[in-house]
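Asker: So that we are looking at the same thing, I have put the structure below in structure tokens.
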Amino acid sequence: MVNLDDPVIQGLLLNLVGEEGMNVVINMPEEEITDDGVAEITNVPLNIVRRTLYILFENRLATYRRERNKDSGWLTYLWKIDLNGINELLKAETEKFIRNITTKLEFENNNMFYVCKNNCGRFVFDIVAELEFLCPNCGEDVVFEDNELVKQTLKKRINELT
Ligand SMILES: [Zn+2]
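Numbering (our numbering) for the sequence shown: 15 to 176.
Now the structure itself:
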């Protein structure tokens, strides 16, 4: 069983489907249901229910079955949520996140940074050196910023996740 109270899992789902989508995830029944049925149960607008179900489907967290009505010939989609794939998804997301921070850390390691005295932003050496150490945005002086703390924070984050 997937624990929806787990803040990490909650965060991942919230990222995927948004707040209204979370209402769908939390209130989906175990048995098959149509999108109309979900909208009725959850009070979430039908277009958001559909969007949420497709996002879940794309991430292998929901499946559907088509059923043709013998009289009308219309197709009905019967949805079923299955969050068992979430741990794998979580693993993949975490790996992606680690790659991102590793890239950031490399960037921090390979550059020197300068900040504008007016807080316009943070610039790398090459940019401000060309402008004789003036802010490219407002022209104010820039000052060197020790990025040791930034690097330590990124390293700590990577260690926590690996
Ligand atoms: Zn500036």
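Every residue gets a Cβ at the ideal spot worked out from N, C-alpha and C, and that includes glycine.
Count the other CB atoms within 10 Å of the CB of F137; is the residue buried (16 or more) or exposed (fewer)?
Answerer: To locate residue 137, count along the sequence shown from 1; it is residue 123. Its Cβ being crowded by 16 or more others within 10 Å, F137 is buried.
Asker: Taking buried to mean at least 16 other C-beta atoms within 10 Å of its own C-beta, is G35 buried or exposed?
Answerer: Walking along the sequence shown from the start, residue 35 turns up at place 21. Under this definition G35 is a buried residue.
Asker: Taking the C-alpha atoms as reference points, what is the distance between A106 and R113?
Answerer: Mapped onto the sequence shown, residue 106 falls at position 92. Mapped onto the sequence shown, residue 113 falls at position 99. If you take the alpha carbons of A106 and R113, they lie about 11 Å apart.
Asker: So what's K110 in DSSP terms, helix, strand or just coil?
Answerer: The residue labelled residue 110 in the question sits at position 96 within the sequence shown. DSSP places K110 in helix when its eight states are reduced to three.
Asker: Compare the Cα-Cα distances from Q166 to each of L92, P59, T116, S86 and report the closest residue.
Answerer: Start at 1 with the first residue of the sequence shown, and residue 166 comes out as number 152. Closest option to Q166, Cα to Cα, is T116.
Asker: Taking 6 Å as the limit between beta carbons, can you name the residues of its chain near I56, skipping five residues before and five after?
Answerer: Taking the first residue of the sequence shown as position 1, residue 56 is located at position 42. Per the sequence shown, residue 56 should be read as Thr rather than Ile. Result list for T56: N37, V38, N41, in chain order.
Asker: Between the C-alpha atoms of D85 and R65, what's the straight-line distance to the nearest angstrom?
Answerer: Taking the first residue of the sequence shown as 1, we reach residue 85 at position 71. Taking the first residue of the sequence shown as 1, we reach residue 65 at position 51. Those two C-alpha atoms are separated by around 28 Å.
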